[in-house]
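The structure appears below as structure tokens.
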Amino acid sequence: MNGGIYVHIPFCQSRCRYCSFYSITGRNFPDSGEYARAIISHLNSFEMMEPIDVSTIYFGGGTPSLMPASFFSEVIEGVSASVSLTENLEISIEMNPEDVVPDYLGSLKQAGINRVSIGVQSTDDSILRKLNRTHDAKQAVSAVLTARSIFTNVSCDVIIGIEGEANEGNRILKTLPFGELSHLSLYMLDGAKNNHLAAESDHTADLYMELCRQLENHGLKQYEISNFARPNMESIHNLHYWKGDPYIGLGPSGHSLLYPFRIWDHSGLDRFMKGQFRKGRMKYDKKTFVREMVMLALRLRKGARQEDFKERYGIDLLMEFGWLCSKFPGFVRCDGEGISLSRKGMLVSNEIFQELVVPAPPQSGGE
Ligand code: SF4
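Add 3 to the 1-based position in the sequence shown for my numbering, that's all there is to it.
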């Protein structure tokens, strides 16, 4: 079965105000070669239930673009020595706009990277300052153009829902060079976690709906709640998550799905560098796993497909989950082929997904 590998680079130059990822700032980072070797030992600590053909490697963070290109070559080499890789491998890196410079991009390409995702976040300088980002709007736009001069597959991340962004939708549409992008992720700030930064939820909902329409006019078709792409340029790595494919998360705070197990790793960097990886794991029962897979598939524009669920899990999706459509009319749609969310449903997806959550059994292990 095809699957993906995520490599976490938990280092940042400064802390953005909205961030909930595990990352460290303000101390010496380990030597990049040592970190690469720790990542490969982490990979080798996994016991595969079934062999995986790895079709994607995703370097995320943190700030992967703080690492030298040699780090990526070393990890890619180590991964290819440890697991089987498919022929058309997608290898992505997340970059901060200020790190997008031609020489570095050229070395990344040589190391094997073939997809770049730039953390643009906003095209309004006052919003960027509010988020404590270290780049400005001009740098963000020029990063997209520079990346595109070297890579075909260029994505960017944008966040909406920040207080004071009244015209952010128009600004994004006027300034971002959409023609250069193959992919865009449009995130809504999590108001519950970032109360101090969040705009009125009605404003954010209107902006989301408008941007969805406009992005499609620019040829970036929505394929997931927060993701838009040109035909055949969807993120194969993220599709692994939504399709329930196996994946391995490497680095501190790693998180993996190797059915029938979900596996969590410790978050501390020092512990990680000493080879103390595993925090706990949970063994799925089939009912919990299928519910989780329905939830993930509903994130996709095409939704959960009757045929896929029959083939993968041997269940009649419409028979078992058709009740979602009568419970959320106008938000969840059922047709003969499956179940999907309307755009209005995507806006309240968390409430819909609550209906599918099965309380987790206690995990083994612990910090
Ligand atoms: S650069 Fe990314 S990972 Fe680092 S603090 Fe900012 S949002 Fe978080």
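Virtual Cβ for every residue (Gly too), placed ideally from N, Cα, C. Remember, predicted model here, so these are calculated numbers, not experimental data.
**OP:** Could you name the residues of the same chain whose beta carbon sits closer than 8 Å to that of residue 171, not counting the 5 residues immediately before and after it, in chain order?
**Re:** 125, 126, 127, 130, 163, 165, 210
Original post:
Among all the DSSP beta bridges, which residues are the ones paired with residue 161?
Top reply: As computed with DSSP, residue 161 is found in a beta bridge with 124, 189.
Subject >> Identity of the residue in 20, 187, 261 nearest residue 50 by Cα >> reply: 261
Subject >> Start-to-end residues for the alpha helix (DSSP H) that takes in residue 323 >> reply: 320-324
**OP:** Might you give, ordered along the chain, the residues of its own chain that have their beta carbon closer than 8 Å to the beta carbon of residue 167, omitting 5 neighbours on each side?
**Re:** If we look at residue 167 and ignore the five residues flanking it on each side, its Cβ neighbours are 129, 130, 133, 202.
Original post:
Under the criterion of a Cβ to heavy atom distance below 7 Å, does residue 188 qualify as lining the ligand SF4?
Top reply: no
Original post:
Between residue 263 and the rest of its own chain, which residues show a CB-CB distance below 8 Å, the 5 nearest in sequence each way excluded?
Top reply: Correct list, in chain order: 52, 286, 287, 292.
Original post:
Using the beta-carbon count (16 or more within 10 Å), is residue 56 buried or exposed?
Top reply: With fewer than 16 Cβ atoms within 10 Å of its Cβ, residue 56 is classed as exposed.
Original post:
Does the pairing of the region 192-202 with the region 13-32 give three or more beta-carbon distances under 8 Å?
Top reply: yes
Subject >> Start and end residues, beta strand (DSSP E) containing residue 89 >> reply: 87-98
**OP:** Give every residue of the same chain whose Cβ lies closer than 6 Å to the Cβ of residue 174, excluding the five residues on either side of it in the sequence, and list them in chain order.
**Re:** 126, 127
Subject >> In DSSP terms, what residue 11 is bridged to >> reply: Answer is 63, bridged to residue 11.
Subject >> Contact set for residue 278: own chain, Cβ-Cβ below 7 Å, skip 5 residues either direction >> reply: When the five nearest sequence neighbours on each side are left out, the beta carbons in the same chain lying within less than 7 Å of the beta carbon of residue 278 are those of 44, in order along the chain.
Subject >> Exposed unless 16 or more other CB atoms sit within 10 angstroms - verdict on residue 86 >> reply: buried
**OP:** Enumerate in chain order the residues of its own chain whose CB-to-CB distance from residue 296 is below 6 Å, with the five nearest sequence positions on each side excluded.
**Re:** Correct list, in chain order: 247.
Original post:
Which word fits residue 113, buried or exposed, when buried means at least 16 other C-beta atoms lie within 10 angstroms of its C-beta?
Top reply: exposed
**OP:** Kindly identify the DSSP beta-bridge partner or partners of residue 69.
**Re:** According to DSSP, which records beta bridges pairwise, residue 69 is partnered with nothing at all.
**OP:** Indicate the three-state DSSP secondary structure (helix, strand or coil) for residue 217 in the structure shown.
**Re:** helix
Original post:
So does residue 99 have its beta carbon nearer than 7 Å to some heavy atom of the ligand SF4?
Top reply: yes
**OP:** Could you tell me whether any non-hydrogen atom of the ligand SF4 is closer than 7 Å to the CB of residue 66?
**Re:** yes
Original post:
Under a three-way DSSP split, which group does residue 309 fall into?
Top reply: helix
**OP:** Would you check whether the ligand SF4 has a heavy atom nearer than 7 Å to the C-beta of residue 122?
**Re:** yes
Original post:
If you compare alpha carbons, which of 280, 181, 272 is closest to residue 233?
Top reply: 181
Original post:
Beta carbon of residue 110: closer than 7 Å to some heavy atom of the ligand SF4?
Top reply: Shortest gap from the CB of residue 110 to any heavy atom of the ligand SF4: 7 Å or more.
**OP:** Examine the Cβ distances between the region 236-246 and the region 264-274 and report whether three or more of them are shorter than 8 Å.
**Re:** no
Subject >> C-alpha distance - residue 12 paired with residue 251, whole-angstrom precision >> reply: Near 14 Å, if we compare the C-alpha coordinates of residue 251 and residue 12.
Original post:
Based on the DSSP output, what are the partners of residue 274 in its beta bridges?
Top reply: Beta-bridge pairing links residue 274 to no other residue.
**OP:** Alpha carbon to alpha carbon, how far is residue 10 from residue 42? Give it in angstroms, no decimals.
**Re:** 8 Å
Original post:
Curious, which full-length beta strand (DSSP E) runs of at least 3 residues does the region 226-257 contain?
Top reply: 230-232, 250-253
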